[in-house]
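Protein chains in written order, with the numbering used here: chain A, 35 to 123; chain X, 281 to 1096.
Report on one structure; see the data block that follows.
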C-alpha cells in the first residue's frame, strides 16, 4: 500500500524540466517568454492537480492559455482605460 | 483487600502471572500478583483445526510452548462481517512463548492454512480489557481479582497523587562524546509536584550523593540504592536515562559487582529492549535501548516523542485511552498508540485482532488510480507580503472526515447501500460519539434497510467526491468509533485549557498527534485495520471540503491567498475594517462549519504575512511563510525552524523579523516600511562583518545533521561524511538515526575530515580549533536573509549589491 502515482507537482516539474534542451536552443528573449509560460503552469498547479490525466500536457497547456488570457485581459483593461482618458481629453 | 490507584501492569519475570501495582491513599505501593495467561486464536478449516489440535496435544509440543487448555470457540474474525467462525483457542501459560507458538502453528499450516489472531496484542492491554480496568483508575484488589471502583474520568480531573522524582546526574566527563564507562560523579533525586497530578503524600526533600564522598564506586552505588529504596518513587523522570545514565549505572554495577534494583521487585536493572535503528516517513531514526522498571515507571524525557509533545500528563492521557503501560508507550510513536487503541476497540467489539494483515488493494484501472491516488489540496500561494490576513483552520480535519463521512475499511463500497444519484449531505454523521451512535440507531429504525443481501439506494449513503466509492449508511464504521471519542475528548480539553502549556493543553496536544497519525495508518501497509481505499476516500473528501471553502470564501468577499489541506488564508476584498473583518471571518467560519459538518475555527489575524517564492522559479513555494499574528510571529519552513540550522543563522533571522515587526516601521498598508528592510540589510551586513573578522564563536556555528546510513555506505564525501569520518578517527561511532553536530572550518580542505570540527571537540578542547568557514557560513547567511527579504522583492543579487533590481518577473512591484 502507499502512494503509487507520482504527485502532480512532481509530474509537471519533470515535464517542465524535460523542456530544458528546447529552452537552451531558443533566443534569449524567447527563453524569457517561455519562462513566463512555465510559471503560468506553476502558479496553477493546484488546479492542474484536480484534472488528473494520463497526458499531463492537457492541464499544462490549459494553464499556459489561462496565463496568456490573463495578460491579454490586463492589456485590454489598460487599453480601455487609456482610450477613456484619451476620449476625455 | 487493597484499594488504590492502578499505576502499572506488567508480566512477572517468569511470564507466568501479571503484576498489578496499586498506590494507596497514603502513597504506599502494593504488588498484586494475578494469575493470568494470554490466549491465542487460530482459524482454519474444521479438518485442519482438528489435526492442529491433535498435534498440539503432543506432550513435547505442550511442554515446549507451555500450552495450557485448548478449546473450540466461535468468534468474529473481521470488522466487515458479522458471521461467527469456529476458532481454536489456546491458553499459553508462559507469556513469552506466545509468539514462538504462533510461528510454529503458521509453519505447521504451510503459511496458508491457518489465520492467527490475538498474537501480538499487548498482554497488559488484554489483561486490563479482561478485568475491565483502566490505568490510573481507583481499583480494589480482593486477593484474586481487580475491580474498578471509579469510572474512567473524562472530566479533566488531575491524575492520582503519584510520587514523582527527577533523577539527574553529573558525569566525570560532562562534555564530549558519551561513553557508558563514564562514571556519574553526582546523583540528585528531586521530589517534584507535577502540574496535573494530585499532591503526593510521599513528597520529600531533594537528596543528592557525591562520588567524592564515597570510598568506592560500589559504596556509591549502595548509597544510591538505599536512597532509592527510602524515597520509593512511583515515577522516575530522567533526561537521557536510556542513553546515558542507566547504561553507566549498569556498567558500574557490573564492574563493582554491586546489586542494583531500581524497580520494586528483586530483578536487577537490565536492558528491556535493545537499541534499534528504524525508518519512519523517510527518516532514519535511532532508538536507544529501553530500561523499564518493574513496579514504578521510568520515563526518559529525552527518549519520548509523546512526552516531548504532551508532557507526562499527555502520556498518561494516551496510556489511559490505549490501556497500555505508560513507560512502554512513552518509547513508542503515536502511530503505535493509535494502533493499540484500534485493538482495544476491536476487543470491545468482540472482533479478534489479526496477527498479519492479508488484504490486497482493490483492483483499479490506471485512470481510476490516477484519480484516486492523490493527497490533500495545496492552493499555490501568492508570493509576497500581504496584510492584514486571516487564517482559518479546520479542527482535526482528517479524523473528522473519518467520523463524519463514516469512512472505515468495512464501510467502504458496502454491499448493502447505494448512494443517491443527486449529491446529498444529509448523510454526514455527527462528530459527537454519543449523538453519532443515536443517529445510527435512528437510521436503523427509521429506514427500511432491507436484508443487506442486495444493495438499496440509501439517502444517507455518501458518495466519495470524484471517486467511484461510497460509504455505508447502515453501519457506523470502526475507525469512526475509534476517532470520534478522541476528537470529542480533545474538544473538551481545549475548552478546559486556560493557557498554552497547561496540563489540559498538553493533554489535547498528545491527542492531536494520535489523530494526525490515525489518518496515515489507514494507508500503512502493516496497519491491521488499514485499507488504502479509506486513505484515498479521506483525501478526496479533504480536497472537496477545501474547494467548497474556497468557493464560499470568494462568494463572501474574501481573496484566498493560500490554502494548505486544512487551512485557508483570507484577505478582505470589500474594504472592511479590522474588527469588521474579524466578525465576518467568524460568521464565515460558522457558515462553512454548518455546510461541511466539521468545525472551521479562527486561528489568527496577521498584521502582515509573507509567502515565500521558490528560489528556483519564483512561483509560490509550499509551506514557507512567516507572519506577525496576535501572539507574535508564526514561522514555517524557513531556516530558523529547521533543526539543522546553526544558532547564528536562527538568530540572524529572528532579529531580522524583530526589526520588521517594530510598530514604528509598519506603514499604513500594514506592511513593514522600506526603511525597516534596509535596517534588516544593515543587520545582515554587520553579522557578515563579524564573521569575516573571526568574531563568530564556533558554538554559534554548529550545524546538526541526522545520520542516515553507516559511514561505509556514503558514496559522496559531503560534510556529513567528513564529520562521521572525523568522529571515527577519534574512536567514536555515530549510529544511523542519531545526529551529528559539527562546524565547517574549511570547506575546501583536501582531506575530508579536516573540513569540520565536531561539537564534542569544541566542548572539550582547550586550544583553538579554527574559525567558522567564511565562504560556507556567508552562503548560509545569504540564503537565510533572502527568506526574510524575498517577499519584499529582494533577490540574492540585490541583497549583495545593496540595491533593488527591476525585472520583468517581479511578483510584487508595489514594494519596488
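Cβ coordinates follow ideal geometry from the N, Cα and C atoms, glycine included.
Residue burial classification, residue i (beta-carbon count within 10 angstroms, cutoff 16)
i               : result
residue 51(A)   : exposed
residue 615(X)  : buried
residue 1031(X) : exposed
residue 1023(X) : buried
residue 479(X)  : exposed
residue 838(X)  : buried
residue 1004(X) : buried
residue 416(X)  : buried
residue 904(X)  : buried
residue 623(X)  : buried
residue 869(X)  : buried
residue 788(X)  : buried
residue 338(X)  : exposed
residue 874(X)  : exposed
residue 792(X)  : buried
residue 99(A)   : exposed
residue 780(X)  : exposed
CB contact flag (residue i, residue j, <7 Å)
i               : j               : result
residue 1025(X) : residue 1050(X) : yes
residue 307(X)  : residue 560(X)  : no
residue 827(X)  : residue 872(X)  : no
residue 519(X)  : residue 547(X)  : no
residue 825(X)  : residue 840(X)  : no
residue 877(X)  : residue 889(X)  : no
residue 477(X)  : residue 439(X)  : yes
residue 586(X)  : residue 602(X)  : no
residue 813(X)  : residue 359(X)  : no
residue 557(X)  : residue 1016(X) : yes
residue 464(X)  : residue 382(X)  : no
residue 939(X)  : residue 762(X)  : no
residue 356(X)  : residue 625(X)  : no
residue 305(X)  : residue 474(X)  : no
residue 981(X)  : residue 1052(X) : yes
residue 604(X)  : residue 402(X)  : yes
Start-to-end residues for the alpha helix (DSSP H) that takes in residue i
i               : result
residue 448(X)  : Careful: residue 448(X) lies outside any alpha helix (DSSP H), inside the beta strand (DSSP E) at 444-451.
residue 758(X)  : 758-776
residue 1152(X) : Nothing about residue 1152(X) can be reported from this structure: the residues present for chain X run from 281 to 1096 only.
residue 1001(X) : 999-1009
For residue i, the three-state DSSP class (helix, strand or coil)
i              : result
residue 74(A)  : helix
residue 709(X) : coil
residue 366(X) : strand
residue 62(A)  : helix
residue 740(X) : coil
residue 530(X) : helix
residue 801(X) : helix
residue 334(X) : helix
residue 644(X) : coil
residue 434(X) : Note that residue 434(X) scores a pLDDT of 44, beneath 50, so its modelled location is shaky; the value from the coordinates is reported in the next line. Three-state DSSP puts residue 434(X) in coil, outside helix and strand.
residue 861(X) : helix
residue 697(X) : strand
residue 465(X) : strand
residue 746(X) : coil
residue 316(X) : coil
residue 397(X) : strand
residue 603(X) : coil
residue 807(X) : coil
Distance between beta carbons of residue j and residue i, contact taken as under 8 Å
i              : j              : result
residue 533(X) : residue 549(X) : 7 Å
residue 953(X) : residue 943(X) : About 11 Å; that fails the 8 Å criterion.
residue 659(X) : residue 87(A)  : Incorrect: roughly 20 Å between the Cβ atoms, too far for contact.
residue 667(X) : residue 951(X) : 5 Å
residue 298(X) : residue 407(X) : 5 Å
Range covered by the beta strand (DSSP E) that runs through residue i
i               : result
residue 635(X)  : Per DSSP, residue 635(X) belongs to no beta strand (DSSP E) and is neither H nor E.
residue 1022(X) : 1019-1024
residue 843(X)  : 838-844
residue 500(X)  : Residue 500(X) -> not in any beta strand (DSSP E); alpha helix (DSSP H) instead, spanning 497-511.
residue 958(X)  : Here residue 958(X) belongs to no beta strand (DSSP E); instead the alpha helix (DSSP H) covers 954-972.
Residue i: CB within 6 Å of a non-hydrogen atom of the ligand ADP
i              : result
residue 617(X) : This structure does not include the ligand ADP; it has no bound ligands of any sort.
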